[in-house]
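Following full-length UniProt numbering, the numbering of the sequence shown begins with 1 at its first residue and continues without gaps.
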Amino acid sequence: MTEFELKLQSAARLAAKGKVSRRDFVQLALAAGLTATAANAMFVRVTRAEPKRGGTLKIGISDGSAADSMDPSLYVNPFTGTALQGTLSNSLTEIDSKGNVVPDLADSFEPSDGAKMWVFKLRTRATFHNGKTVTADDVVASVRHHTVEGTKSAMKSLLATVKNVVADGAETVVVELDGGNADFPYIMSDIAVMPAKEGGVDWESGIRTGPYMLEKFEPGVIATFNKNPNYFKSDRGWFDRVECLAINDVTARTNALNTGEVHYMDRCDLKTLDILKQNPDLVISETTGYGHYVFVMNVQKAPFDNPDVRNALKYSLNRDEIVQKVFLGHGAIGNDNPIAPTVKFAIAPQPKHVYDLDMVKSFLKKAGAENTQFHLSVADAAFAGATDSALLWQEHARAAGLNLNVIREPDDGYWNNVWLTKPFFASYWAGRPTCDWMFTTAYAAEAAWNETLWKNPRFNELLVAARSETDDAKRAGMYAEMQQLVHDDGGLVNLVFNSYVDAHTKALAHGEVAANWPMDGTKIAERWWFA
């Protein structure tokens, strides 16, 4: 290595720490034989790669609601997930950019007795925002918060197998299950740890453990935070301040990004993506995760209680055309299976539910539903493009002799007034990193978020058996059968496994992005920084 190359290497390290100007760096690079273009590109690369502290991050987030709550058992949308879970809170574990479960507030976790027992050792230096040390009692109370009588938490079904959760001293949590569960640490990544108090937990104050402390929370409007100076992760939480703005309208979010009101927006309008790309100060990010856009039928209400009706609907839409026209190719057809292709044990159920006029007419005739009108409730609050997708579906169905009536619902209040209320509606899932988690959350008979109210005895039998099976080959067979059952008999129309298509200013930098939830696993405020 030449003297100039050694100096360039040293300058790169200093530039990453902000101690060498662009001009001085470029001069050294030119002397080392680089072109001016290459020198400038190298400077940008090395200065962006090293995290820097400071600044106020402003995020424009979809799906905020006036009904949003500080209570973690009620986090149901990207706004509460990102602001109150990812920015404010921590869990025992988290999901990394590779989809693996790793320690968060836990220092380690170990199974025993065929994964019926899990022991979590806590970090010794983690504190709440009020300075109180996090103890095993806090974790125990936080877990139990999702299982108390009358809870509406989606975690209740996931935690139904927990026989007991106890503190073994101040730094050890022991969880006893009624059967083996090799995936249990994944579930703990979704439970925010809160301070214990007599009779439960303190969720009202917003005191948590995360990289930022709550300043203000206005449901459906804004949440603001200031840096936690005592955060237990010294290599996370780079901003001085974070503002999460609930901007449900995609045009308003786009305008906010273009004008600099926010630095990051989720769920770009794919129809105007080319216009955003023309802005030299913006970056379009696309992440393929587990998320999927769906239409769901309540199988306990007529006419959707007839499986032939459900199959007629599944064959009545041209998914290829919708994915190309509405999502401009940003996604993969779901084929009525909620398990993303990248999840372990995923299969591609057969046959594919393609657009087939003869199949539609045959199933309608078999069901005696040729003259039935099907009412589909939609709003783009469910997912960007939901309305356009439904209107295209309406055209496809009409050609097949199926009468689909699209009801355009208001965006505001959609998740309270339509979701889990109307019998046929558009919905969205961020997906889950394991088969068991996805199935237990949304398809188990008594799951709080079982949108379709589908209760298949064989499916539920397999769900319990697969969870405790430690032989991967046997487990794979069980999950394959379960995916096929949902595909064949369930009330799910999985339109597409969507890509997270977001946009942000070039001033923001980051490492590898996690795909378990939108916005870097909801942890954008913790993991990103200003370059």
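No residue lacks a Cβ here, since even glycine has one placed at the ideal position from N, Cα and C. Since the model is a prediction, treat every value here as computed from it, not as a measurement.
Point to revise | Neighbourhood of ALA367 by C-beta, 8 Å cutoff - its chain only, sequence neighbours within 5 removed | key: Excluding residues within five positions, the ones whose Cβ falls inside 8 Å are PRO303, ASN306, ASP308, VAL309, ALA312.
Exercise for review: Measure from the alpha carbon of ASP489 to the alpha carbon of each residue in ASN298, PHE225, ARG475, MET478, then state which is nearest.
Suggested key: ASP489 has its Cα closest to that of ASN298, out of ASN298, PHE225, ARG475, MET478.
**Study point:** CB of SER89 within 9 Å of CB of GLY210, strictly
**Key:** The beta carbons of SER89 and GLY210 sit closer together than 9 Å.
**Study point:** HIS375: first and last residue of the uninterrupted beta strand (DSSP E) it sits in
**Key:** According to the DSSP assignment, HIS375 belongs to the beta strand (DSSP E) that extends over 373-378.
Review point. Roughly how many whole angstroms lie between the Cα atoms of ALA448 and GLY150?
Key: Roughly 11 Å between the two C-alpha positions.
Check your understanding: Which term fits GLU409, buried or exposed, when burial requires 16 or more other beta carbons within 10 angstroms of its beta carbon?
Key -> With 16 or more neighbouring CB atoms inside 10 Å of its own CB, GLU409 falls in the buried class.
Practice item. Write down every uninterrupted run of the alpha helix (DSSP H) in the stretch 136-189 whose length is 4 residues or greater and which is fully enclosed by it, in chain order. Key: When DSSP assignments are scanned along the stretch 136-189, the uninterrupted stretches of alpha helix (DSSP H) that are 4 or more residues long and fall wholly within it turn out to be 136-144, 155-158, 184-188.
Review point. How many angstroms separate the CA atom of LYS314 from the CA atom of ALA379?
Key: Distance between the alpha carbons of LYS314 and ALA379 is about 20 Å.
Exercise for review: Alpha carbon to alpha carbon, how far is ASP358 from GLY180? Give it in angstroms, no decimals.
Suggested key: Those two C-alpha atoms are separated by around 46 Å.
Review point. From what residue to what residue does the beta strand (DSSP E) around residue 589 run?
Key: Only positions 1 to 531 of the chain appear in this structure, which leaves residue 589 out of reach.
Practice item. On the DSSP bridge assignment, give the partners of ASN405 in chain order. Key: Its beta-bridge partners are HIS375.
Review point. For TRP429, which beta-bridge partners are listed by DSSP?
Key: In the DSSP secondary-structure assignment, TRP429 is bridged to HIS292.
Practice item. Please report how far the alpha carbon of PRO185 lies from the alpha carbon of LEU402, in whole angstroms. Key: PRO185 and LEU402 have their C-alpha atoms spaced approximately 45 Å apart.
Point to revise | Ranges of the alpha helix (DSSP H) found wholly within the stretch 343-369, counting only runs of at least 4 | key: Runs of the alpha helix (DSSP H) spanning 4 or more residues and lying entirely within the stretch 343-369 occur at 357-367, in chain order.
Exercise for review: Only counting runs of 3 or more residues, tell me where the beta strand (DSSP E) segments fall wholly within the stretch 32-105, in order along the chain.
Suggested key: Within the stretch 32-105, the complete beta strand (DSSP E) runs of at least 3 residues are 56-61, 93-95, 101-103.
Check your understanding: With DSSP run on the structure shown, which of helix, strand or coil describes LYS132?
Key -> Of the three classes helix, strand and coil, the one that applies to LYS132 here is coil, per DSSP.
**Study point:** Helix, strand or coil at MET519 according to DSSP, with G and I counted as helix
**Key:** Helix at MET519.
Review point. When the Cα of ASP107 is compared with those of LYS116, GLU94, GLY99, ASP356, which residue comes out closest?
Key: Of the candidates LYS116, GLU94, GLY99, ASP356, the one whose C-alpha sits nearest the C-alpha of ASP107 is GLU94.
Exercise for review: Consult DSSP for SER468 and reduce its assignment to one of helix, strand or coil.
Suggested key: In the three-state reduction of the DSSP assignment, SER468 falls in the helix class.
Check your understanding: Where DSSP assigns a beta bridge to ALA196, which residues make up the other side?
Key -> In DSSP, ALA196 forms a bridge with VAL201.
Check your understanding: Taking the C-alpha atoms as reference points, what is the distance between residue 541 and ILE333?
Key -> What the structure shows of the chain is the stretch from 1 to 531, and residue 541 is not part of that stretch, so it cannot be assessed.
Check your understanding: Going by other Cβ atoms of all chains shown within 10 Å of its Cβ, with 16 needed for buried, is ILE275 buried or exposed?
Key -> Sixteen is the threshold: since fewer than 16 other Cβ atoms of the shown chains lie within 10 Å of the Cβ of ILE275, the residue is exposed.
Check your understanding: What are the boundary residues of the beta strand (DSSP E) that includes ASP502?
Key -> For ASP502, the enclosing beta strand (DSSP E) covers residues 492-505.
Practice item. Can you have a look at ALA381 and say buried or exposed, based on whether 16 or more other CB atoms are within 10 angstroms of its CB? Key: Looking at its Cβ environment, which holds 16 or more other Cβ atoms inside 10 Å, ALA381 is buried.
Check your understanding: So, is ASN335 buried or exposed, given that buried needs 16 or more other C-beta atoms within 10 angstroms?
Key -> Around the beta-carbon of ASN335, 16 or more other beta-carbon atoms lie within 10 Å, marking it buried.
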